[in-house]
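If you read the protein sequences in the order shown, they are chains U and F.
If you count the first sequence from 1, position 157 lands on 156 in numbering that gives the first Met the number 0, and the numbers rise without skipping.
If you count the second sequence from 1, position 80 lands on 79 in numbering that gives the first Met the number 0, and the numbers rise without skipping.
Even for Gly, the Cβ is constructed at its ideal location relative to N, Cα and C.
Source: prediction; values computed, not measured.
2 protein chains.
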Amino acid sequence: MTEPLAPEPPETEEGQAVTKAAVFNAAERLFALHGFQNVSVRDITAEAGVNLASVNYHFGSKDALLFEIFRRRTSELNRERARLLHEATARYDGKPPVRAILQALFGPPLRWAKPDGDRCVSVQFIIRARSEGNADMREVLRNDVSHLERFANALMAARPDLPAEDVYWRLHFVLGMVHNNRFAEFDRLHHLSGGVTREGEVDALLERMLDFAEAGFMA
Amino acid sequence: MTEPLAPEPPETEEGQAVTKAAVFNAAERLFALHGFQNVSVRDITAEAGVNLASVNYHFGSKDALLFEIFRRRTSELNRERARLLHEATARYDGKPPVRAILQALFGPPLRWAKPDGDRCVSVQFIIRARSEGNADMREVLRNDVSHLERFANALMAARPDLPAEDVYWRLHFVLGMVHNNRFAEFDRLHHLSGGVTREGEVDALLERMLDFAEAGFMA
DNA sequence: TCCGCGTTCAAACGACCGTTCGACGCCAAG
DNA sequence: CTTGGCGTCGAACGGTCGTTTGAACGCGGA
Chain U
0 MTEPLAPEPP
10 ETEEGQAVTK
20 AAVFNAAERL
30 FALHGFQNVS
40 VRDITAEAGV
50 NLASVNYHFG
60 SKDALLFEIF
70 RRRTSELNRE
80 RARLLHEATA
90 RYDGKPPVRA
100 ILQALFGPPL
110 RWAKPDGDRC
120 VSVQFIIRAR
130 SEGNADMREV
140 LRNDVSHLER
150 FANALMAARP
160 DLPAEDVYWR
170 LHFVLGMVHN
180 NRFAEFDRLH
190 HLSGGVTREG
200 EVDALLERML
210 DFAEAGFMA
Chain F
0 MTEPLAPEPP
10 ETEEGQAVTK
20 AAVFNAAERL
30 FALHGFQNVS
40 VRDITAEAGV
50 NLASVNYHFG
60 SKDALLFEIF
70 RRRTSELNRE
80 RARLLHEATA
90 RYDGKPPVRA
100 ILQALFGPPL
110 RWAKPDGDRC
120 VSVQFIIRAR
130 SEGNADMREV
140 LRNDVSHLER
150 FANALMAARP
160 DLPAEDVYWR
170 LHFVLGMVHN
180 NRFAEFDRLH
190 HLSGGVTREG
200 EVDALLERML
210 DFAEAGFMA
């Protein structure tokens with residue numbers, strides 16, 4: 000460890016950007032855990048085991064690194080949500096019920112949040128970036144709108160009697176529910192219930208959220 | 000403005016801590032707008048029109064200032080929530096329905112969020128501190144538990160057939176709803192609906208949230 | 001009048017930040 | 001063998017941060 004030699008030649012085994020990937024993963028994990036402003040470039044490079052200048056060489060700046068992580072993860076999440084909504088639409092002959100629509104909305108972030116999976120930090124990163132984001136990331140969230148529009152339209156088709164205004168507001172409410180699934184909130188929930196809640200099984204949590212949100216949309 | 004003289008003698012009109020109050024208010028506003036890490040002590044003192052050393056003199060440190068703001072605002076919020084729950088309990092002879100309980104939970108932060116009121120920044124500060132908080136502030140949120148416990152007990156009394164586990168989870172869900180009422184989210188909602196939603200009237204928003212959350216609890 | 005206390009002031013300190021620089025090793029192309 | 005681009009390295013730069021310092025100020029009580 001303290002050996003200054005043996006710099007471990009950059010091992011360009013397959014790609015040439017192993018360093019870039021190491022920086023990406025380390026930054027995502029540290030940002031998700033401690034927040035953007037609380038993690039320095041030196042923390043990232045130390046965690047990744049690379050040189051300090053790697054961030055600026057491969058990504059341009061610390062902000063650009065954060066933005067690239069955010070852009071990739073949100074596009075992955077939106078793509079999976081759109082795929083599930085498309086499948087539900089096909090399964091129900093173009094008119095999926097409210098519960099199927101909400102399942103396409105809740106499923107991906109909840110499945111990612113499984114504590115053993117590697118996607119656990121990704122969803123934590125997205126949630127944190129959503130509240131600490133820059134003006135650039137607000138712009139990405141603005142494009143998020145076209146993605147949420149499909150869910151709003153599907154919900155309006157599933158509940159044609161409900162005014163569009165109510166659909167938008169209730170979509171806003173359920174997004175608040177899913178964005179609130181932070182580590183800190185889980186801790187409080189555990190402490191509040193005195194250990195009654197077992198959040199380990201994300202499938203059961205998904206059913207719980209669907210029961211609650213579906214009833215809210217049916218009001 | 001550029002006049003270095005006329006230092007405006009500390010005008011100890013009534014209390015002796017006009018400087019402390021100015022720092023408190025300026026810090027709360029800036030923290031609510033830009034986040035904790037994005038606001039420097041120099042920003043605060045410049046906004047308040049006081050000397051740079053005032054923060055450390057009156058509050059000890061920047062972190063202690065943040066903590067004191069957070070502690071005061073959360074205690075105010077919890078006190079008002081407890082008062083409304085107490086009133087609802089008395090009004091319904093000890094067994095308030097779900098909607099009345101949720102109204103005591105939603106009302107204070109929504110009424111504070113009125114854009115013209117001076118409490119508008121307070122609720123924004125609380126929401127932001129809840130996601131960017133330190134370990135010390137997590138401790139305060141831990142004491143929040145005893146405050147939420149009363150709401151959980153009232154909800155369990157209103158729906159005795161519902162398992163306690165579900166009550167805790169659904170309380171977690173509705174807290175996510177109310178904590179999601181950020182400026183950024185409002186912007187997205189406006190852009191999403193194409194201007195259909197008018198969030199100006201907080202009373203209408205409160206009714207919307209109550210409709211949704213009550214139906215969710217009744218599932 | 002003078003002293004002591006609380007408060008404010010300008011100025012600086014040390015630490016940490018993001019970023020940049022120039023040199024070096026490597027490998028493929030000429 | 002030479003050359004040049006690419007990636008990495010240690011080291012440093014300028015700037016901003018939170019905090020501290022010591023002097024000055026105002027003012028009420030000996």
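Take the alpha-carbon of U/PHE58 and the one of U/LEU64: they are about 5 Å apart. Here U/GLN123 is buried. Its C-beta has 16 or more other C-beta atoms within 10 Å. Put simply, of U/LEU84, U/VAL177, U/TRP168, U/LEU101 the residue whose alpha carbon is nearest the alpha carbon of F/ASP186 is U/TRP168.
Exposed is the label assigned to F/GLN36, since fewer than 16 other Cβ atoms lie within 10 Å of its Cβ. When rounded, the separation of the alpha-carbon atoms in U/MET176 and F/ALA212 is 11 Å. Between U/ILE68 and U/ALA128, the C-beta gap is smaller than 9 Å, which places the two residues in contact. In this structure the region 147-158 of chain U does not touch the region 142-153 of chain F; the number of beta carbon pairs closer than 8 Å is below three.
Taking each of U/PHE66, U/LEU147, U/PRO107 in turn and checking the Cα distance to U/VAL166, the smallest one comes out for U/LEU147. Interface residue (Cβ-Cβ distance to chain F less than 9 Å): U/ARG41 is not classified as such. Here the alpha carbon of F/LEU84 sits roughly 55 Å from the alpha carbon of U/SER53. Contact with chain F is absent for U/ARG72, since none of that chain's Cβ atoms lies less than 9 Å from the residue's Cβ.
By the criterion of at least three beta-carbon pairs nearer than 8 Å, the region 26-40 of chain F is not in contact with the region 95-106 of chain F. Using a Cβ distance threshold of 9 Å, U/GLU75 and U/SER121 count as a contacting pair.
In this structure, the alpha-carbon of F/PHE30 lies about 27 Å from that of U/THR73.
Closest option to F/SER130, judged by alpha-carbon separation, among U/THR18, U/HIS178, U/ALA16, U/PRO114: U/HIS178.
Using a Cβ distance threshold of 9 Å, U/LEU170 and U/LEU109 do not count as a contacting pair.
Within chain F, the residues whose beta carbon sits less than 8 Å from that of U/HIS190 are ARG141, VAL144, listed in sequence order. For F/SER130, the nearest CB of chain U lies under 9 Å from its own CB, placing it at the interface with that chain. Taking the C-beta atoms as reference points, F/THR88 is found no nearer than 9 Å to F/PRO96.
Taking a beta-carbon distance threshold of 9 Å, F/ALA212 counts as an interface residue toward chain U. By a beta-carbon distance limit of 8 Å, F/VAL144 contacts U/HIS190. Their separation comes to about 5 Å. For F/PRO114, there is no enclosing alpha helix (DSSP H), as DSSP gives it neither H nor E.
Per DSSP, F/LEU147 is one residue of the alpha helix (DSSP H) stretching across 134-157. In the three-state reduction of the DSSP assignment, U/PRO107 falls in the helix class. Using a 10 angstroms sphere on the CB of F/GLU27, the tally of other CB atoms reaches 16 or more, which defines it as buried. Look at U/VAL177 here: in three-state DSSP terms it is helix.
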